[in-house]
DNA sequence: TTAACCATGTAAAAAGTTACATGATTGT
DNA sequence: ACAATCATGTAACTTTTTACATGGTTAA
């Protein structure tokens, strides 16, 4: 599971709480994990037990105690080893494409509706992605190479979404041309 | 789960056995499911119990009996309803991008190695995808619109892989330019 | 006063992967 | 002799999702 490694990655920048990690996950679009509570808190317990992180408990009045996690040297080593290990091919789970694949029984209106809904969704994502890119807080102490890679990762996401839109527009046109009416 | 719906989709073309469905899954690249035995046979049992498919048992000498599944009218209705329902946004799980995101501690050789391995993987996929596209058996009784959509789905997959390669080449160049040596 | 934010977690269910199990036939 | 194809399934495990549970603070 690379959720634990992604957490180690964030902690390699600076210490965070579970709550902050959850936000980081949702702010970084090219990381797919829902980052739901269950997974994050469980992963942190696991990472602690493996001595890859340590926890620092900070009491707050009137708010529950914060648990700030710090990466250990062992954790940094684990992160390095994982980052340099053989990559797996990306998994894309796109049920919309399957809906299209079996849209044979849909009428023209239903089909254009389906495509339109997906297009709207992609447009929202693109707008959100651009906003997040602008608002992102770039941490110091990063090499030029690292910053370049993150720039490329964001750009990839934006290009992907733009590509989706282009494809959807082309598809709509092709479908209209072949419409039953 | 849309695995059951994808099975219904294939069965809407013509009846198949579980074994044949497993092959169809692996032959269609834009469907991500591994289509492992467990899931397919379990899904078929479930679909049967919901009366969305019926099973026909064909005895064979010296080979185990085939179970051929047929879609029912109820199954066709379910397929139609699913295909016209609101689409969800695609989920992309790309751990390679996360490895890149935390490649800060890798040296130049390790990083170029990582990128090179992924590039090789994408090239293999692209070659396989093109082969599958050529060899695919197009079933009759499909409208022009349906054929057009399948054409577009295959093209999308190929364009995606080509886009990945272009991005990787650009990334490699940018990384070399910023190399430590 | 209502929603969002801060901050932690648990329980149960669903989905998905990997390995195991059987066994004949056909092609290289 | 070995691998691939045909054909079914089960068991154990891991991963992921969804819902539940608590409760104070802050801003519109």
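Chains as they are written, first to last, in the working numbering: chain A, 996 to 1176; chain B, 996 to 1176. Glycine included, each C-beta is placed from N, C-alpha and C at the ideal position. All values derive from a computational prediction rather than experimental measurement.
Below 8 Å, enough C-beta pairs join the region 1079 to 1088 of chain A and the region 1112 to 1119 of chain B to call them touching: three or more.
If you draw a straight line from the Cα of residue 1020 (chain B) to the Cα of residue 1051 (chain A), it comes to about 48 Å. Around the CB of residue 999 (chain A), 16 or more other CB atoms lie within 10 Å, so the residue is classed as buried. One Cα belongs to residue 1028 (chain A), the other to residue 1088 (chain B), and the distance between them is close to 8 Å.
Rounded to whole angstroms, the separation of the alpha carbons of residue 1140 (chain A) and residue 1009 (chain A) is 19 Å. When C-beta distances to chain B are compared with 8 Å, the residues of the region 1107 to 1141 of chain A below that value are 1108, 1109, 1112, 1113, 1116, 1117, 1120, 1137, 1138, 1139, 1140, 1141, in chain order. If you compare the alpha carbons of B:1037, B:1005, B:1013, B:1091 with that of residue 1026 (chain B), the shortest gap goes to B:1005. C-alpha of residue 1165 (chain B) to C-alpha of residue 1137 (chain B): approximately 41 Å in a straight line. Residue pairing from DSSP places residue 1064 (chain B) in a beta bridge opposite B:1011, B:1050. The beta-carbon of residue 1149 (chain A) is placed no less than 8 Å from the nearest beta-carbon of chain B. Less than 8 Å separates the beta-carbon of residue 1013 (chain A) from that of residue 1062 (chain A).
Following the DSSP letters along the chain, one finds residue 1150 (chain A) inside the alpha helix (DSSP H) bounded by residues 1139 to 1172. Following the DSSP letters along the chain, one finds residue 1040 (chain B) inside the alpha helix (DSSP H) bounded by residues 1032 to 1044. Residue B:1121 holds the alpha-carbon nearest to the alpha-carbon of residue 1152 (chain B) among B:1121, B:1037, B:1068. Of all residues in the region 1076 to 1088 of chain A, those with a C-beta nearer than 8 Å to a C-beta of chain B are 1077, 1078, 1079, 1080, 1081, 1082, 1083, 1084, 1085, 1086, 1087, 1088, reading in chain order. When 7 Å is used as the limit between beta carbons, residue 1060 (chain B) is near no residue of chain A, the shortest such separation being about 29 Å.
Exclusion of the five residues before and after residue 1043 (chain A) leaves 1049, 1050, 1064 as the residues of its chain whose Cβ lies within less than 8 Å of its Cβ. A straight line joining the alpha-carbon of residue 1056 (chain A) with that of residue 1097 (chain B) spans about 36 Å. Listed in chain order, the positions of the region 1014 to 1027 of chain B with a beta carbon within less than 9 Å of a beta carbon of chain A are 1023, 1025, 1026, 1027.
With contacts defined as CB atoms closer than 8 Å, residue 1003 (chain A) and residue 1092 (chain B) fail to qualify as a contacting pair.
Within chain B, the residues whose beta carbon sits less than 7 Å from that of residue 1092 (chain A) are 1025, 1148, listed in sequence order.
Under the criterion of beta carbons closer than 8 Å, residue 1143 (chain B) and residue 1125 (chain A) do not qualify as touching, at roughly 32 Å.
For residue 997 (chain A), a Cβ of chain B is located within less than 8 Å of the residue's own Cβ.
Shortest Cα-Cα distance from residue 1022 (chain A) to any of A:1127, A:1107, A:1105 involves A:1127.
Under the three-state reduction of DSSP output, residue 1086 (chain A) falls in the strand class. For residue 1019 (chain A), the three-state secondary structure derived from DSSP is helix. Listed along the chain, the chain B residues whose CB falls inside 7 Å of the CB of residue 1105 (chain A) are 1079. In the structure shown, residue 1055 (chain A) adopts coil according to DSSP, grouped into three states. Contact of residue 1070 (chain B) with chain A is not assigned, every C-beta pair being separated by 8 Å or more.
Nearest C-alpha to residue 1072 (chain B) among B:1171, B:1170, B:1007, B:1160: B:1007. Counting other Cβ atoms within 10 Å of its Cβ, residue 1132 (chain A) stays below 16 and is therefore classed as exposed.
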